[in-house]
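In what follows, a structure is listed as structure tokens, so that the remarks can point back to it.
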Amino acid sequence: MSSMLLVKLRRDLRTTWSRFALMVTAIAVSLMVFGAVLLAYVASTREIPNAYMGTQPASATILLEQPLNAQEMSQLVDDVQSRPGVIAAAGRTQFTSDIQVNGQPRDTPLQVFVAPPDDPMQMAKFQVQQGSWPPPPGEIFVGRDSFNLIDVAVGDTLTLTTPAGAPAQLKVTGSVYDPSLAPAPQEQTGHAYLSTASLTSAGLDQLKIQVSDTANPSVPSPDRSRIVAVAGGVAQWLQEGNGPAAREIQVPDPYAHPHQWQVNSLLLALLTGGIIALVLSVLLVANMLNGLFTQQIPQIGIMKAIGARSSDIMRLYLSMTLLVALAATLLALAPAVVIGRALLNQMFGFLGILPSSFEAPAWTYALIVAVGVGLPPMMALIPLVTTSRTTVRAAIDHHGAAPTPSGLSGFLAWLTRLRRVDRGLLLALRNTTRRPGRFFSFGRTTGECRQRVRRGDVTERGSAGNC
Numbered sequence: 000m001s002s003m004l005l006v007k008l009r010r011d012l013r014t015t016w017s018r019f020a021l022m023v024t025a026i027a028v029s030l031m032v033f034g035a036v037l038l039a040y041v042a043s044t045r046e047i048p049n050a051y052m053g054t055q056p057a058s059a060t061i062l063l064e065q066p067l068n069a070q071e072m073s074q075l076v077d078d079v080q081s082r083p084g085v086i087a088a089a090g091r092t093q094f095t096s097d098i099q100v101n102g103q104p105r106d107t108p109l110q111v112f113v114a115p116p117d118d119p120m121q122m123a124k125f126q127v128q129q130g131s132w133p134p135p136p137g138e139i140f141v142g143r144d145s146f147n148l149i150d151v152a153v154g155d156t157l158t159l160t161t162p163a164g165a166p167a168q169l170k171v172t173g174s175v176y177d178p179s180l181a182p183a184p185q186e187q188t189g190h191a192y193l194s195t196a197s198l199t200s201a202g203l204d205q206l207k208i209q210v211s212d213t214a215n216p217s218v219p220s221p222d223r224s225r226i227v228a229v230a231g232g233v234a235q236w237l238q239e240g241n242g243p244a245a246r247e248i249q250v251p252d253p254y255a256h257p258h259q260w261q262v263n264s265l266l267l268a269l270l271t272g273g274i275i276a277l278v279l280s281v282l283l284v285a286n287m288l289n290g291l292f293t294q295q296i297p298q299i300g301i302m303k304a305i306g307a308r309s310s311d312i313m314r315l316y317l318s319m320t321l322l323v324a325l326a327a328t329l330l331a332l333a334p335a336v337v338i339g340r341a342l343l344n345q346m347f348g349f350l351g352i353l354p355s356s357f358e359a360p361a362w363t364y365a366l367i368v369a370v371g372v373g374l375p376p377m378m379a380l381i382p383l384v385t386t387s388r389t390t391v392r393a394a395i396d397h398h399g400a401a402p403t404p405s406g407l408s409g410f411l412a413w414l415t416r417l418r419r420v421d422r423g424l425l426l427a428l429r430n431t432t433r434r435p436g437r438f439f440s441f442g443r444t445t446g447e448c449r450q451r452v453r454r455g456d457v458t459e460r461g462s463a464g465n466c
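Start counting the sequence shown at 0; every next residue gets the next number (numbering that gives the first Met the number 0).
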């Protein structure tokens, strides 16, 4: 680009700075929303499955007709693990109870998860944050998100009702992080964990199994139909007298957090809204640039008359569009990261997830920059090419009227044939509809003229420019 065109570019930016500021703001705001939701979506789709799969969730849970004690369940687990298609097995139970904390009743129920003390916690496991598994006899662990819900603290005495109906007093000595469960505040149910050593009357009536994948037998299968088939085979094997009969088989969505679909649906809806807002803002910018290009057609004719080529004009206005896009992208990138992490924090709190990292992969940042810098020039390409190819003759003949008459112009032409219609009124209507954009910008131009008069740049209306 020649030095003269650079001078024109700087002067255009200076004289129409308010228009360019509006363009930059429109793109920056929509790009900020799009970028924040994209960063949150990508990071959440990585962290939530990682946290959930870190618990080694069971493929299926077989509920038994009769509960077993710890020794009987240990023998059954060893037998089930030798069944075809079963990687691992574990015996568990759970029950829900009303509770008292230090003798004071609580309105919130408590869901208690029970495991044998010798359970290696290789499947359907949880992370003990305070204390060590198993808790000693007479002690219980509480879920990290349940302390505030049931108003309990480490060291308090928790009284619950066992499945046999007898009360049991247990001391709270630790906390547990279990991302496989829905957060306690959402369910309005507290979570607690103990071993059969603390509650000898609790029988184990749940058999949890992991089903192997067909292609790779050492990893869990994501195929729900295979899980159902293997779990049904185990239940049939139990029915044949190898253990207590199965009364129910539970097969959840394979290896998906119970509330992940809610987060994905919400983020996808926000991402769709961000994309729509970004496209609309870019269309607005393209329309404003088209209006600017049209206003400068006489200047384009002058530049071409003194030797400028269409490619020079193209580079001039393309540089102008790129500057707008680059400024908007730089303005939106940092707020998008901040808002995205704040949104992630809310989402992880909603699911009770402790993320390992809030960072999104590098390609998401590259995509935001590519969309912010590349989309506006792409949308403005057609009017940009059309304007740059304007000939000197067409520029000289340009008088601001629309190239093709509109339907309203035809209607006004028909009105001229009516004798009783005032000719002055028809002239005013024609001037108004000939260039609607100019009519709607009249109020803004008048306001600018008044400001110039106040500053002393213009002494009277009509002495300079549009004033």
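Yeah, the Cβ is synthetic: ideal placement off N, Cα and C, and Gly gets one too.
- Taking C-beta separations shorter than 8 Å and ignoring five residues to either side along the sequence, the partners of Arg246 in its chain run Leu62, Leu63 and Glu64, following chain order.
- Under DSSP, Gly306 forms no beta bridge with any residue.
- In the DSSP annotation of this structure, the continuous segment of the alpha helix (DSSP H) that includes Ile26 starts and ends at Trp16 to Met52.
- Where Ala359 is concerned, there is no enclosing beta strand (DSSP E), because DSSP gives it neither an H nor an E.
- Secondary structure of Ile139 (DSSP, three-state): strand.
- By DSSP's assignment, Ile61 forms a beta bridge with Leu206 and Ile248.
- According to the DSSP assignment, Ala276 belongs to no beta strand (DSSP E) but to the alpha helix (DSSP H) extending over Gln259 to Gln294.
- Contact between Lys207 and Met72 is ruled out by a C-beta separation of about 11 Å, above the 8 Å threshold.
- Here the region 259-274 lies against the region 17-36, with 3 or more beta-carbon pairs under 8 Å apart.
- Going by beta carbons, Pro166 and Tyr51 fall outside the 8 Å limit.
- Counting along the chain, Gly130 sits inside no beta strand (DSSP E), nor does DSSP assign it H or E at all.
- Taking a 10 Å sphere around the C-beta of Pro83, we find fewer than 16 other C-beta atoms and assign the residue as exposed.
- Counting along the chain, the unbroken beta strand (DSSP E) around Ile86 starts and ends at Val85 to Ser96.
- In the three-state scheme derived from DSSP, where H, G and I count as helix and E and B as strand, Leu157 is classed as strand.
- Pro134 is positioned such that its CB atom lies no closer than 8 Å to that of Ser217.
- Using a Cβ distance threshold of 8 Å, Ile299 and Thr385 do not count as a contacting pair.
- Per DSSP, Ser387 is one residue of the alpha helix (DSSP H) stretching across Leu380 to Ser387.
- Below 8 Å, too few C-beta pairs join the region 93-100 and the region 274-294 to call them touching: fewer than three.
- Between Thr92 and Gly189, the gap from beta carbon to beta carbon reaches 8 Å or more.
- Under the three-state reduction of DSSP, Ala114 is assigned to strand.
- Residue pairing by DSSP places Gln103 opposite Val100 in a beta bridge.
- Residue pairing of Gln168 in beta bridges, as defined by DSSP: Thr158.
- Its chain contains Asp97 and Ile98 as the residues whose beta carbon lies nearer than 8 Å to that of Pro104, once the 5 sequence neighbours on both sides are disregarded; these appear in chain order.
- Inter-segment contact for the region 241-255 and the region 340-349 is absent: fewer than three beta-carbon pairs are separated by less than 8 Å.
- Close CB contacts of Val32 within its chain, under the 7 Å cut and outside five residues either way in sequence, are with Gly273 and Ala276 (chain order).
- Between the alpha carbons of Thr320 and Thr363 lies a distance of about 23 Å.
- For the pair Leu317 and Val372, the CB atoms are not nearer than the 8 Å cut-off.
- According to the DSSP assignment, Ser194 belongs to the beta strand (DSSP E) that extends over Gly189 to Ser194.
- In its chain, beyond the 5 residues on either side, Val250 and Pro253 have a beta carbon closer than 7 Å to the beta carbon of Arg223.
- With contact defined as three or more Cβ pairs closer than 8 Å, the region 16-27 and the region 327-340 are in contact.
- When secondary structure is reduced to three states using DSSP, Leu198 falls in the coil class, being assigned neither helix nor strand.
- Here the region 197-216 lies against the region 224-234, with 3 or more beta-carbon pairs under 8 Å apart.
- Secondary-structure assignment with DSSP links Tyr176 through a beta bridge to Gln126.
- Judged by DSSP in its simplified three-state form, Ser211 adopts strand.
- When the beta-carbon positions are compared, Ile352 and Ile47 come within less than 8 Å of each other.
- In the structure shown, Pro66 falls within a strand segment according to DSSP collapsed to helix, strand and coil.
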